[in-house]
Amino acid sequence: MLEAGQKAPSFKARIQDGTEVSLENILSEGSGLVLFFYPKDSTPG
Numbered sequence: 030m031l032e033a034g035q036k037a038p039s040f041k042a043r044i045q046d047g048t049e050v051s052l053e054n055i056l057s058e059g060s061g062l063v064l065f066f067y068p069k070d071s072t073p074g
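Residue 37 in our numbering sits at position 8 of the sequence shown, and the numbers go up by one each step.
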């Protein structure tokens, strides 16, 4: 788990249109990033 102020590890993900992006690409563009984790519906998590 990250502590407040720690940098996130590098990762790649697909966005809504199917394009693969990396954390470095997003940050190099000067864009912000919010990650939201949602547990699967109808689960206790």
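No residue lacks a Cβ here, since even glycine has one placed at the ideal position from N, Cα and C.
Straight-line Cα distance separating Phe40 from Leu52: Against the sequence shown, residue 52 aligns to sequence position 23. Against the sequence shown, residue 40 aligns to sequence position 11. Cα to Cα, the separation comes out at about 6 Å.
Could you check what DSSP says for Ser57 in three-state terms: helix, strand or coil? For the purposes of this step, residue 57 is taken as the residue at position 28 of the sequence shown. Three-state result, Ser57: helix.
Could you pull the DSSP bridge partners for Val50 from this structure? Numbered from its first residue, the sequence shown carries residue 50 at position 21. DSSP lists Ala42 as partners of Val50.
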